[in-house]
DNA sequence: CTTTGTGAACTTCTTCACAGCT
DNA sequence: AGCTGTGAAGAAGTTCACAAAG
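Residue numbers (this note's numbering), protein chains in the order written: chain A, 1 to 183; chain B, 1001 to 1183.
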C-alpha cells in the first residue's frame, strides 16, 4: 500500500487486536519500533520471521497419504513460507516405492533411517484416528521434534523435547455449535 | 472399557489436563458428578453434548469446491457428530447445477435464498485467500451465523451476532518452527 | 505532536485445599 | 475412605497511562 511504517494502532486494526497488545507482544522479543514513527514494515516482517524461525528452510515428512495428506502436500503455501516436503511414509504396500507430487513414498519402518539421513525434524501426521497414538510414538522414535496432527482428537502427551500442534476441524465446528446455541 | 464412572483425575489423565481444571470447567455449567463416585460416563457425555449444542443436527453449507472443500465434504466425521452438508456454493459456471457427493452446487448469488429456505446457519469457507474477505461479507449477508474459515489468515472482525473460527495449517506449522528454534 | 516501551493496575485463568456428601 | 464442588490464593495475561524519544 506504499506505506513504509505502521503504528501499533494500525497493526492492531489489521490484526483484530489492540495497540497495547501489539506493543507488549513485540516488546517481549525486543524493541522494533521508533518513537513517534511506529514500526518500519520491512524491518518488522524480518524481525518476526527471525523470532518464528522462518529465516531458514525446514524439511517436513508427511505420514499417511490418504485424502487429507494428498490435498495438504499439494498446498503451495507451505513452500512459500519455508517448509519443504521431502518424504512420505505409508503402510499400504501398493504405494511404497512410488512417488506422489515428486516426493518419494517409503514404508513407515524406514522413518528412523530417512529422517536421520535427511535431517527431518517436522512431521505432518494425517493417519486414521485409530492408529494415531501408535504413529506418534513411532514418529518421535524416528527423531521428529515437531508434529502437526491432523488425525483428529489427540490426547498424546509429548516428551518435553517435542511439540504437538493439533488441527481439528471437527472440534472447531463443535465450538461454533456452542456459540450459536448460547449467544 | 467397561467402566461406568470416571473421576476428575482419570478424565484429566485422558485429556492431558488436571483434576482441578476438569472439575472447575464442568462446575461452570452445573453439577454433573457424585461425591465419592466421580462422573457417570454416559450422563457426562450427554451433558457435554447438551452444553455444546450437539443434541440436534445442524445444516452446513460449503463455500468453495476446490481441493480442500472436496476433501472436507467427503470427511465422514461431520455427519457422525451432527453436521450435514446440504448445499455447495461456487463461482465456477462449469460446476454450477451439478452435484458433488450428492450435494447440489449453486451459484454463490443464490446463497441468501438457499440458506433461508434450508435454514442453514453454519458455513465452511474454503475459497482462495484473495477472495475470502468478500466471501465472508456475502456469507454473513446470506444469514449465516457461524463461519469455519479454511481460507488462510483471516483478519475479518465479525459482527456481534456472528462467529468465525479459523483453521490455519500454515500458522500452526509456523508455531512449530518457533518452538523448535527456541527450545 | 506522535508514538513507543513499560511499570502498575486490573482482569482472567489455574491451582490449592478443604468442607461436605456418598 | 473417596471424590466433588467451590471459595481463596496464586499465576498469567491484558489494559492503562505516562515518561522518554524522534
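Cβ atoms here follow ideal geometry from the backbone N, Cα and C, with glycine treated the same way.
Predicted model only: the values in this text are computed from it and were never measured.
request  = Count the other C-beta atoms from every protein chain shown that fall within 10 angstroms of the C-beta of residue 98 of chain A, then say buried if there are 16 or more, exposed otherwise.
outcome  = Exposed, by the Cβ-count rule.
task = Report all residues from its chain with a CB closer than 6 Å to the CB of residue 1047 of chain B; omit the five preceding and five following residues, and keep chain order.
result = Annotation for residue 1047 of chain B: 1032 place their beta carbon closer than 6 Å to its own, counting only its chain and skipping 5 residues before and after.
query = Any heavy atom of the ligand FMN closer than 6 Å to the CB of residue 142 of chain A?
reply = As presented, the structure is devoid of all ligands, the ligand FMN included, so that no description of it is given.
request  = Classify residue 6 of chain A as helix, strand or coil using the three-state DSSP reduction.
outcome  = The answer is strand: DSSP assigns residue 6 of chain A an E or B state.
task = Compare the C-alpha of residue 1062 of chain B against each of B/1168, B/1120 and B/1180 and name the closest.
result = For the options B/1168, B/1120 and B/1180, the alpha carbon positioned closest to that of residue 1062 of chain B is the one of B/1120.
Cβ contact (3+ pairs, closer than 8 Å) linking the segment 1157-1165 of chain B and the segment 1133-1145 of chain B = The segment 1157-1165 of chain B makes contact with the segment 1133-1145 of chain B: 3 or more CB pairs, one atom from each, lie closer than 8 Å.
ask   = Using DSSP with H/G/I as helix, E/B as strand and the rest coil, what is residue 1106 of chain B?
value = Note: residue 1106 of chain B maps to strand in three-state DSSP.
query = Where does the unbroken beta strand (DSSP E) through residue 84 of chain A begin, and where does it stop?
reply = Element bounds for residue 84 of chain A: 83-90.
inquiry  = Against chain B, with Cβ distances strictly below 7 Å, would residue 115 of chain A count as a contact?
reply    = Answer no: the Cβ-Cβ gap between residue 115 of chain A and chain B never drops below 7 Å.
task = Spell out the partners DSSP gives residue 60 of chain A in its beta bridges.
result = Per the DSSP secondary-structure output, residue 60 of chain A pairs in a beta bridge with A/85 and A/122.
inquiry  = By the three-class DSSP mapping on this structure, what secondary structure does residue 79 of chain A have?
reply    = Helix.
message = Using 8 Å for Cβ pairs, my map puts residue 1065 of chain B next to residue 1024 of chain B. What's the rounded Cβ distance?
response = Their Cβ separation, rounded to whole angstroms, is 43 Å, which puts residue 1065 of chain B and residue 1024 of chain B out of contact at 8 Å.
Among B/1093, B/1009 and B/1072, the one whose alpha carbon lies nearest that of residue 1020 of chain B = Of all alpha-carbon atoms in B/1093, B/1009 and B/1072, the one lying nearest the alpha-carbon of residue 1020 of chain B is that of B/1009.
task = List the DSSP bridge partners of residue 148 of chain A.
result = Partner(s): A/124 and A/165.
request  = Could you give the DSSP three-state label for residue 1029 of chain B: helix, strand or coil?
outcome  = Look at residue 1029 of chain B here: in three-state DSSP terms it is coil, with no helix or strand label.
key: Proximity test, Cβ basis, 7 Å: residue 53 of chain A and chain B   = Yes, its Cβ sits closer than 7 Å to a Cβ of chain B.
ask   = Less than 7 Å separating the beta-carbons of residue 123 of chain A and residue 69 of chain A?
value = Against a cut-off of 7 Å, the Cβ pair of residue 69 of chain A and residue 123 of chain A comes out as no contact.
task = Report all residues from its chain with a CB closer than 8 Å to the CB of residue 1110 of chain B; omit the five preceding and five following residues, and keep chain order.
result = The answer, listed in chain order, is 1089.
query = Between residue 144 of chain A and residue 1152 of chain B, what straight-line distance do the alpha-carbon atoms span, to the nearest angstrom?
reply = Cα to Cα, residue 144 of chain A sits roughly 26 Å from residue 1152 of chain B.
query = Going along chain B in order, which residues have a C-beta closer than 7 Å to the C-beta of residue 16 of chain A?
reply = Listed along chain B are 1155 and 1157, each with a C-beta nearer than 7 Å to that of residue 16 of chain A.
ask   = If we ignore side chains and look at the alpha-carbon of each, how far apart do residue 1030 of chain B and residue 1040 of chain B end up?
value = One C-alpha to the other measures close to 14 Å.
task = Examine chain A for any beta-carbon lying closer than 7 Å to the beta-carbon of residue 1020 of chain B, and answer yes or no.
result = No, residue 1020 of chain B does not count as interfacial toward chain A.
ask   = Identify the residues that DSSP records as bridge partners of residue 1053 of chain B: which are they?
value = Answer by DSSP bridge pairing: none, since residue 1053 of chain B is not bridged.
message = Quick check: the Cα distance between residue 84 of chain A and residue 1176 of chain B, rounded to an integer number of angstroms?
response = In this structure, the alpha-carbon of residue 84 of chain A lies about 14 Å from that of residue 1176 of chain B.
task = Give the straight-line distance between the Cα atoms of residue 11 of chain A and residue 53 of chain A, rounded to the nearest whole angstrom.
result = Approximately 21 Å, taken between the alpha carbons.
task = Would you grab the beta carbon distance between residue 78 of chain A and residue 1081 of chain B for me? Rounded to a whole angstrom, and I think it's under 8 Å.
result = Your pair residue 78 of chain A and residue 1081 of chain B does not check out as a contact, with CB atoms roughly 28 Å apart and the cut at 8 Å.
task = Report yes if the CB atom of residue 14 of chain A is closer than 7 Å to the CB atom of residue 38 of chain A, and no otherwise.
result = Contact: no.
task = Confirm, please, whether the CB-CB distance from residue 1091 of chain B to residue 1103 of chain B is below 7 Å.
result = Taking C-beta atoms as the reference points, residue 1103 of chain B and residue 1091 of chain B fail to come closer than 7 Å.
ask   = Of the choices B/1060, B/1101, B/1026 and B/1178, whose alpha-carbon is the least far from that of residue 1074 of chain B?
value = Looking at the Cα atoms, B/1101 is the closest of the given residues.
key: residue 38 of chain A, enclosing alpha helix (DSSP H) - first and last residue   = In the DSSP assignment, residue 38 of chain A falls outside any alpha helix (DSSP H) and within the unbroken beta strand (DSSP E) covering 38-40.
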